[in-house]
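First comes the structure, then the notes that go with it.
Protein chains: 2
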Amino acid sequence: MVAKTSTPQVFGRLEKFMEPCLLLTLREEESHGYELMEKLKEFGFEGSSADMANMYRILRNLEEKEMLSSKWEEGAGPPKRVYSITQAGEKLLEEWAALIRKNRARIDRFLTKFAENGEE
Amino acid sequence: MVAKTSTPQVFGRLEKFMEPCLLLTLREEESHGYELMEKLKEFGFEGSSADMANMYRILRNLEEKEMLSSKWEEGAGPPKRVYSITQAGEKLLEEWAALIRKNRARIDRFLTKFAENGEE
DNA sequence: CCGTACTATATACATAATGTATATATACTG
DNA sequence: CAGTATATATACATTATGTATATAGTACGG
Chain A
484 MVAKTSTPQV FGRLEKFMEP CLLLTLREEE SHGYELMEKL KEFGFEGSSA
534 DMANMYRILR NLEEKEMLSS KWEEGAGPPK RVYSITQAGE KLLEEWAALI
584 RKNRARIDRF LTKFAENGEE
Chain B
484 MVAKTSTPQV FGRLEKFMEP CLLLTLREEE SHGYELMEKL KEFGFEGSSA
534 DMANMYRILR NLEEKEMLSS KWEEGAGPPK RVYSITQAGE KLLEEWAALI
584 RKNRARIDRF LTKFAENGEE
């Protein structure tokens, strides 16, 4: 029997959060997938294989929608697909920022209420 | 043809956010589904049919896991299934709060960086 | 020069969470 | 007695994410 009282692993992700993080990171400087994953750790991504799969999918999808453009770069090690953000991509990022602000407001309302009633 | 430049409907939900909101609302006072949906609007839920379906699913699921208990209440209108939070449910809520705080931190890092680099 | 590890990209398949659509029933209002 | 609001519920479809695996170049040690 397993102790139910340990870590019941509650989780609720920030859906599609990786997309705006990629756009924001690329607004600063062009980069390729593998390197981007390192940079994404700043936003709480782990760099797990799930994250990797996710990232490559999102990058390709964003390029398809012309939010990013890419070029192959040869050098030491295997070739890299280096992504740059487009103007449309920057606009998309702005929209993401607006949505994320709203989400933060929802979270804040939750946390405020949680703290208020917690101490009866 | 539809103008692409209008609202491209970016969206990223707060996954499973309804669950902690239900728990928090029920920590204050017992309530039934239909009424709970009204209360959830505080946390940014719309009360759409999707939200409804979602809510009833979550409530049943939480009861199955003994995070909530319910009783039928007769009165004016159709009978209501009134939910109360259990001790396990309160503990679950605490775990949710911890996770949500982490998610807020991730969001904050994003928004801070977004604002920083935005004004070049 | 061979195996191992690290860099690098990619995708098929499975699962999980949410959205759509619909069914059922009570009670009030005109 | 038809329409609307209250009230709960679920089958089915879609979307987003996770798991597993494939491929390949380069560096390093033995």
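Protein chains in written order, with our numbering: chain A, 484 to 603; chain B, 484 to 603. Just so it is clear, CB atoms sit at the ideal spot from N, CA and C, and this is done for glycine as well. Computed from a prediction, not measured in an experiment: that's the story for all the values here.
Classify proline 561 of chain A as buried or exposed, calling it buried when 16 or more other Cβ atoms lie within 10 Å of its own Cβ. On the first sequence, residue 561 of chain A is found 78 positions in, with the first residue counted as 1. Exposed, by the Cβ-count rule.
Using the beta-carbon count (16 or more within 10 Å), is asparagine 586 of chain A buried or exposed? Counted from its first residue, the first sequence places residue 586 of chain A at position 103. Buried: at least 16 other Cβ atoms inside 10 Å.
List the DSSP bridge partners of arginine 564 of chain B. Taking the first residue of the second sequence as 1, we reach residue 564 of chain B at position 81. DSSP output for arginine 564 of chain B lists B/Trp555 as bridge partner(s).
Cβ distance (whole Å) where isoleucine 607 of chain A is taken to contact phenylalanine 593 of chain B below 8 Å: It is not possible to answer for residue 607 of chain A, since the shown part of chain A is limited to 484 through 603.
For glutamate 523 of chain A, I'd like the list of residues in its chain whose CB is within less than 6 Å of its CB, leaving aside the five on either flank, ordered along the chain. For the purposes of this step, residue 523 of chain A is taken as residue 40 along the first sequence, with counting starting at 1. Reading off the sequence shown, one finds leucine at residue 523 of chain A, where the question assumed glutamate. Hits under 6 Å: Cys504.
Note down, in chain order, all residues in the stretch 510-522 of chain B with a beta-carbon under 7 Å from any beta-carbon belonging to chain A. Those residues of the stretch 510-522 of chain B that come within reach of chain A (Cβ to Cβ, closer than 7 Å) are Arg510, Glu511.
Kindly list, in the order they appear in chain A, the residues whose Cβ is closer than 9 Å to that of glycine 527 of chain B. Along the second sequence, read from residue 1 onward, the residue named residue 527 of chain B stands at position 44. Within chain A, the residues near glycine 527 of chain B are Lys585, Asn586, Ala588, Arg589, Arg592.
Where serine 567 of chain B and methionine 538 of chain B are concerned, what is the direct C-alpha to C-alpha distance, given to the nearest angstrom? Residue numbering aside, residue 567 of chain B sits at position 84 when the second sequence is read from its first letter. Residue numbering aside, residue 538 of chain B sits at position 55 when the second sequence is read from its first letter. Each residue's alpha carbon lies about 15 Å from the other.
Using a cut-off of 8 Å between C-beta atoms, extract the partners of glycine 495 of chain A located in chain B. Mapped onto the first sequence, residue 495 of chain A falls at position 12. Correct list: Leu497, Glu498, Lys499, Phe500, Glu502, Pro503, Trp579, Leu582, Ile583, Asn586.
Can you pull the DSSP bridge partners for leucine 497 of chain B? Indexing the second sequence from 1 puts residue 497 of chain B at position 14. Answer by DSSP bridge pairing, in chain order: A/Leu497.
Excluding the five sequence neighbours on either side, which residues of its own chain have a C-beta within less than 6 Å of the C-beta of lysine 563 of chain A, listed in chain order? As a first step, residue 563 of chain A must be located in the first sequence, where it is residue number 80. If we look at lysine 563 of chain A and ignore the five residues flanking it on each side, its Cβ neighbours are His515, Glu556.
CB-CB under 8 Å to glutamate 546 of chain B, same chain, minus the five flanking residues each way: which ones, in chain order? Taking the first residue of the second sequence as position 1, residue 546 of chain B is located at position 63. Ser552, Ser553, Tyr566, listed in sequence order.
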